[in-house]
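Peer 1:
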Amino acid sequence: MNTARARLIVALAVLAVTLVAFALTERYQLEKAQILRNGDFSAGLENWRVSNNENQLALEQGVLHIRSKHTGQAPGIRQRVQREAGVKRLRLSAWVRHTDVTIGLRPWNAMRLMLVPKDADGNSLPAQPQVVEQGRGDSPWHLASKVFWLPPRVDAVEVVVILSRVTGEMAVRDLSLDVVQQRPIFNVMRYSLIAVWLLLLPWLAWPLCRAGRRRYGRLAVAILSLAILVGALTPHIAKNELSRLTRDLLGTELAITAKALLKTTVKPAAAVIASEVSGNGDTSVPIGQIWLAGHKLGHLGLFALLALVTTLAWRGQSWQRLGLYLFAFAITAEALQLLSLDRSAHPLDAGLNILGAAAGLALGSRLFPRRAEAVTVPDPPNA
Numbered sequence: 019m020n021t022a023r024a025r026l027i028v029a030l031a032v033l034a035v036t037l038v039a040f041a042l043t044e045r046y047q048l049e050k051a052q053i054l055r056n057g058d059f060s061a062g063l064e065n066w067r068v069s070n071n072e073n074q075l076a077l078e079q080g081v082l083h084i085r086s087k088h089t090g091q092a093p094g095i096r097q098r099v100q101r102e103a104g105v106k107r108l109r110l111s112a113w114v115r116h117t118d119v120t121i122g123l124r125p126w127n128a129m130r131l132m133l134v135p136k137d138a139d140g141n142s143l144p145a146q147p148q149v150v151e152q153g154r155g156d157s158p159w160h161l162a163s164k165v166f167w168l169p170p171r172v173d174a175v176e177v178v179v180i181l182s183r184v185t186g187e188m189a190v191r192d193l194s195l196d197v198v199q200q201r202p203i204f205n206v207m208r209y210s211l212i213a214v215w216l217l218l219l220p221w222l223a224w225p226l227c228r229a230g231r232r233r234y235g236r237l238a239v240a241i242l243s244l245a246i247l248v249g250a251l252t253p254h255i256a257k258n259e260l261s262r263l264t265r266d267l268l269g270t271e272l273a274i275t276a277k278a279l280l281k282t283t284v285k286p287a288a289a290v291i292a293s294e295v296s297g298n299g300d301t302s303v304p305i306g307q308i309w310l311a312g313h314k315l316g317h318l319g320l321f322a323l324l325a326l327v328t329t330l331a332w333r334g335q336s337w338q339r340l341g342l343y344l345f346a347f348a349i350t351a352e353a354l355q356l357l358s359l360d361r362s363a364h365p366l367d368a369g370l371n372i373l374g375a376a377a378g379l380a381l382g383s384r385l386f387p388r389r390a391e392a393v394t395v396p397d398p399p400n401a
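If you want it as structure tokens, here you go:
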């Protein structure tokens, strides 16, 4: 067995141990149960703030039904909960179902169960994860639950149950907001795996950095791989701060430009229609959606570029062998997010990694075909 194959087998083995450990180990334990007021609706809608017309809401034996016949409305309920000192993680869960929920104009036009973080000034923090459940069409009763890590900027949270500018019906019951913390045994396992990967990665990367043939190509692959791993392991809190700075720099200017164009190019009647469609008169795409789209395209683009450079650096290797290494790295890069402070792995992102690598490998195989072996013709025999 050559060293390259040995490295691949060891990396896949540690990856399998990491995934199995996270799948089988219970991550959170309850610290304080139910900090919501009237989460079971036993007191009707007391402590809940109603959006739009209260006639669109109906309570039946502890089940809240929300109905909407107009896409321009967003009926629902919300409740603000102040963050207590020392609370770092909250788990929002509820039983939900929805029926005949239409597709709206924007991705967030759907039935939604959310935990919206707020800063000390009462402003929402859109860069923070906040969606527990979002759906369209039909879905039977099922439990929706998600744990949220709260960065220091979060002063309060708001539980939101809403039909966001779509028609249809949703139902919710047994809303619960609990304070949770990571289990000590989980932390021991997590830090142990971090230590194993920190010791393993230099050994895995050494063939890319040593002197020899294809050195510059190997260094390019190493640099791209390092950039991908840094992006994968950077905590959400750091990325969210960068997103906030970008939004502060660009968001105001984009909004002003969009409103100015709307005033100068759209007639009053059309402007009213646009306002009704968008809901707030602003037809610009929110910077948060731009950030999310850029994140998904980043998965595709970076792995496509990595595969392209890999194909160029190892032109003599078969695409099947290169594809195996790229596939292993695509899964590993996503799985290592499990070890980060406040992140988790997502199958969709792993799929985007693989798709980008496959696209880059296919393009590279066409642009940089394997070099044909030189055919040595023997000297003719002496006459």
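196 is the number that this note's numbering gives to position 178 of the sequence shown; each next residue is one higher, with no gaps. Built from N, CA and C at the ideal position, the CB exists for glycine as well.
(1) Which residues in the same chain as residue 30 place their Cβ atom closer than 8 Å to its Cβ, once the five residues preceding and following it in sequence are excluded?
(2) Taking 8 Å as the threshold, find out whether the stretch 118-137 comes into contact with the stretch 206-224 through three or more Cβ pairs.
(3) Quick check on the DSSP output: what are the complete beta strand (DSSP E) runs of length 3 or more inside the stretch 185-255, in order along the chain?
(4) Would you mind reading off the limits of the alpha helix (DSSP H) that contains residue 367?
(5) Would you please state the rounded distance, in angstroms, between the beta carbons of residue 356 and residue 247? I believe it to be under 8 Å.
(6) How is the beta strand (DSSP E) around residue 338 delimited, first residue to last?
(7) CA-CA distance, residue 58 and residue 158?
(8) Could you tell me which of 184, 164, 46 sits nearest to residue 154, measuring between CA atoms?
(9) Taking Cβ to Cβ, would you say residue 164 is nearer than 7 Å to residue 177?
(10) Just the Cα atoms here: how many angstroms apart are residue 367 and residue 61?
(11) If you reduce the DSSP assignment to three classes, tell me which class residue 79 lands in.
(12) Comparing alpha-carbon positions, which option in 383, 21, 128, 171 lies nearest residue 105?
(13) Is the Cβ-Cβ distance between residue 217 and residue 25 less than 7 Å?
(14) Could you pull out every residue in the same chain whose Cβ sits closer than 6 Å to the Cβ of residue 55, ignoring the five residues on either side in sequence?
(15) Taking the alpha-carbon positions, what's the residue 1 to residue 331 distance?
(16) In terms of residues, what are the limits of the beta strand (DSSP E) holding residue 117?
(17) Are the Cβ atoms of residue 318 and residue 249 separated by less than 7 Å?
(18) State the Cα-Cα distance for the pair residue 287 and residue 88, rounded to the nearest angstrom.
(19) Roughly how many whole angstroms lie between the Cα atoms of residue 329 and residue 385?
(20) Measure from the alpha carbon of residue 339 to the alpha carbon of each residue in 160, 95, 383, 365, then state which is nearest.
(21) I'd like to confirm the pairing. Which residues does DSSP put opposite residue 135 in its beta bridges?
(22) Would you say residue 375 lies against chain D (beta-carbon separation less than 7 Å)?
(23) Between the stretch 113-121 and the stretch 90-100, are three or more C-beta pairs nearer than 8 Å?
(24) Measuring alpha carbon to alpha carbon, tell me which residue in 344, 70, 203 is nearest residue 239.
(25) Figure out for me which residue from 77, 324, 121, 387 has the closest Cα to the Cα of residue 186.
(26) In this structure, does DSSP put residue 31 in helix, strand or coil?
(27) Between which residues of its own chain and residue 252 is the CB-CB distance below 8 Å, once the five residues before and five after are set aside?
(28) Assuming contact is defined by CB atoms lying nearer than 7 Å, are residue 196 and residue 101 in contact in what I supplied?
(29) Can you list, in chain order, the residues of its chain with a C-beta nearer than 6 Å to that of residue 175? Leave out the 5 residues immediately preceding and following it.
(30) CB-CB under 7 Å to residue 349, same chain, minus the five flanking residues each way: which ones, in chain order?
(31) Along the beta strand (DSSP E) that carries residue 95, what are the first and last residues, could you check?
(32) How long is the line joining the alpha carbons of residue 81 and residue 161, rounded to whole angstroms?
(33) Using three-state DSSP, classify residue 289 as helix, strand or coil.
(34) Give me the Cβ distance between residue 379 and residue 334, rounded to the nearest whole Å; I'm assuming they're in contact under 8 Å.
(35) Rounded to whole angstroms, what's the CA-CA distance from residue 194 to residue 107? Just pull it up for me.
Peer 2: Let me lay it out:
(1) For the purposes of this step, residue 30 is taken as residue 12 along the sequence shown, with counting starting at 1. Only 346 meet the Cβ criterion.
(2) no
(3) 186-200, all fully within the stretch 185-255.
(4) In the sequence shown, residue 367 corresponds to position 349, counting from 1. Judged by DSSP secondary structure, residue 367 falls within the alpha helix (DSSP H) whose first and last residues are 365-385.
(5) Within the sequence shown, residue 356 is the residue found at index 338, counting from 1. Within the sequence shown, residue 247 is the residue found at index 229, counting from 1. Between residue 247 and residue 356 the Cβ distance is about 13 Å, and since that is not below 8 Å, they are no contact.
(6) Here residue 338 refers to the residue found at position 320 of the sequence shown. First-last for residue 338: 337-353, but that is the alpha helix (DSSP H), not the beta strand (DSSP E).
(7) Walking along the sequence shown from the start, residue 58 turns up at place 40. Walking along the sequence shown from the start, residue 158 turns up at place 140. Roughly 19 Å between the two C-alpha positions.
(8) In the sequence shown, residue 154 corresponds to position 136, counting from 1. When 184, 164, 46 are compared, the shortest CA-CA separation from residue 154 is found for 184.
(9) Within the sequence shown, numbered from 1, the residue matching residue 164 stands at position 146. Within the sequence shown, numbered from 1, the residue matching residue 177 stands at position 159. No, these two residues do not count as a Cβ contact at 7 Å.
(10) Taking the sequence shown and counting its residues from 1, the one referred to as residue 367 is at position 349. Taking the sequence shown and counting its residues from 1, the one referred to as residue 61 is at position 43. About 42 Å.
(11) Indexing the sequence shown from 1 puts residue 79 at position 61. Here residue 79 sits in coil by DSSP.
(12) Numbered from 1 along the sequence shown, position 87 holds the residue referred to as residue 105. The residue with the shortest Cα to Cα distance from residue 105 is 171.
(13) As a working mapping, residue 217 is identified with position 199 in the sequence shown. As a working mapping, residue 25 is identified with position 7 in the sequence shown. Contact flag unset, no.
(14) The residue given as residue 55 occupies position 37 in the sequence shown. Closer than 6 Å at Cβ, skipping near neighbours: 65.
(15) The displayed coordinates of the chain run from 19 to 401. Any statement about residue 1 would go beyond what the structure contains.
(16) Taking the first residue of the sequence shown as 1, we reach residue 117 at position 99. First-last of the beta strand (DSSP E) with residue 117: 107-119.
(17) Working through the sequence shown from its first residue, we reach residue 318 at position 300. Working through the sequence shown from its first residue, we reach residue 249 at position 231. Contact: no.
(18) In the sequence shown, the residue the question calls residue 287 occupies position 269. In the sequence shown, the residue the question calls residue 88 occupies position 70. In this prediction, residue 287 scores a pLDDT of 39, lower than 50, which makes its location untrustworthy; the coordinate-derived value is nonetheless stated afterwards. For residue 287 and residue 88, the distance between alpha carbons rounds to 20 Å.
(19) Against the sequence shown, residue 329 aligns to sequence position 311. Against the sequence shown, residue 385 aligns to sequence position 367. Going from the Cα of residue 329 to the Cα of residue 385 covers about 9 Å.
(20) In the sequence shown, counting from the first residue as 1, residue 339 sits at position 321. With distances taken between Cα atoms, residue 339 lies closest to 383.
(21) Translated into positions along the sequence shown, residue 135 becomes position 117. Bridge partners of residue 135: 175.
(22) Within the model displayed, chain D is absent; a lone protein chain is all it includes.
(23) no
(24) On the sequence shown, residue 239 is found 221 positions in, with the first residue counted as 1. The residue with the shortest Cα to Cα distance from residue 239 is 344.
(25) Translated into the one-based positions of the sequence shown, residue 186 becomes position 168. Ranking the options by Cα distance to residue 186, first place goes to 121.
(26) What you label residue 31 is simply residue 13 of the sequence shown in a count that begins at 1. The answer is helix: DSSP assigns residue 31 an H, G or I state.
(27) Against the sequence shown, residue 252 aligns to sequence position 234. Hits under 8 Å: 358.
(28) Your numbering for residue 196 matches position 178 in the sequence shown. Your numbering for residue 101 matches position 83 in the sequence shown. Going by C-beta atoms, residue 196 is not nearer than 7 Å to residue 101.
(29) Position 157 of the sequence shown, counted from the first residue, corresponds to residue 175. These residues qualify, in order along the chain: 99, 133, 135.
(30) As a first step, residue 349 is located in the sequence shown; it is residue number 331 there, counting from the start. Counting only Cβ-Cβ distances below 7 Å, and skipping sequence neighbours, we find 33, 368.
(31) Along the sequence shown, one-based indexing puts residue 95 at 77. Here the beta strand (DSSP E) through residue 95 covers 94-100.
(32) Position 63 of the sequence shown, counted from the first residue, corresponds to residue 81. Position 143 of the sequence shown, counted from the first residue, corresponds to residue 161. Those two C-alpha atoms are separated by around 14 Å.
(33) Within the sequence shown, residue 289 is the residue found at index 271, counting from 1. The pLDDT assigned to residue 289 is 36, lower than 50, so where the model puts this residue is not dependable; a value taken from the coordinates is nonetheless given after this. Three-state result, residue 289: helix.
(34) Numbered from its first residue, the sequence shown carries residue 379 at position 361. Numbered from its first residue, the sequence shown carries residue 334 at position 316. That belief does not hold up - the Cβ atoms of residue 379 and residue 334 are roughly 15 Å apart, past 8 Å.
(35) Taking the sequence shown and counting its residues from 1, one reaches residue 194 at position 176. Taking the sequence shown and counting its residues from 1, one reaches residue 107 at position 89. For residue 194 and residue 107, the distance between alpha carbons rounds to 14 Å.
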